[in-house]
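Residue 193 in the working numbering is what sits at position 197 of the sequence shown, and the numbering runs on without skipping anything.
From the three backbone atoms N, C-alpha and C, an ideal C-beta is built for every residue, glycine too.
This structure is a prediction, so every number in the text was calculated from the model and none was measured.
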Amino acid sequence: MNNRSRQAIWLALAGSIVLMIGMGYGRFAFTGVLPLMLNEGLLTLHQGNLAASANYAGYLVGALLLARVQPGAASRLSIISAGLTIASLALLAWVSSPWTIIALRAVAGALSAITLIAGSLWLLEHMGHHHGAPLLYAGVGLGIFISAEGIALGHALSLTSQQIWLLCALCAGLLLALAIRWLLTPPAALVRVSHVETSLPEAGSDTRRAA
């Protein structure tokens, strides 16, 4: 595997990680933790439904907020939205007020939409890496799977819901640490390597024709 291929995979994986954090952890991890929160009395069933509805409403708001975003801002938005998602997960480890939890779920919903849109814009438009789309969008499913396994581990270890939220925040933070270098990669880097690689066969074919 040459340098360009490795770079292309890492760039797609970085975009995928943004979606893992925003969608897998920020949006869907709540489903796995909610039963424990109900058992602990942190939320009633009605409040849990309100938290879910707030998340959906937040998702809509987040999507609308990015209606006019430019691809050049996507790298910064991806990092900020993923970082704020991690912060919202960590806050759930400390708060116990139902209305604060509901508000945090609304914020997480908005951030999940922002990560999805910003991550897509960054990889596909800003970086121009269209072939990375399959790995990019696999991040949603991968995030759901990884977060679900972490939550299952938390249940097996008899952790409280707040401890599980902290575990989710730590895991998501590690993922962002892996991706942040690539999220800061200038688009010219991929274009430059791609240009060199695609120009080499043409030079070789000219040599053969000259011979």
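Residue i, buried or exposed, once every other Cβ within 10 Å from all chains shown has been counted against 16
i           : result
residue 173 : exposed
residue 180 : exposed
residue 64  : exposed
residue 128 : buried
residue 90  : exposed
residue 23  : buried
residue 119 : buried
residue 153 : exposed
residue 135 : buried
residue 40  : exposed
residue 178 : buried
residue 141 : exposed
residue 95  : exposed
residue 4   : buried
residue 15  : buried
residue 10  : buried
residue 51  : buried
residue 27  : exposed
residue 145 : exposed
residue 1   : exposed
residue 80  : buried
Assumed close pair residue i, residue j - CB separation to whole angstroms, cut-off 8 Å
i           : j           : result
residue 59  : residue 102 : Contact flag wrong, Cβ pair sits at about 14 Å.
residue 107 : residue 18  : 6 Å
residue 70  : residue 126 : Actually they do not touch by this definition, with Cβ atoms about 15 Å apart.
residue 117 : residue 67  : 5 Å
residue 100 : residue 112 : Incorrect: roughly 19 Å between the Cβ atoms, too far for contact.
residue 147 : residue 25  : 6 Å
residue 36  : residue 143 : No, residue 36 and residue 143 are not in contact; Cβ-Cβ is about 19 Å, not under 8 Å.
residue 74  : residue 48  : Rounded, the Cβ-Cβ distance is 25 Å, inconsistent with contact.
residue 38  : residue 92  : 6 Å
residue 12  : residue 132 : 5 Å
residue 29  : residue 160 : 6 Å
Unbroken alpha helix (DSSP H) run spanning residue i, endpoints
i          : result
residue 11 : -1 to 15
Give the list of continuous alpha helix (DSSP H) stretches no shorter than 4 residues that lie fully inside the segment 35 to 99. 41 to 61 and 70 to 88
Entirely enclosed alpha helix (DSSP H) segments - the segment 108 to 181, minimum 4 residues: 129 to 152 and 157 to 179
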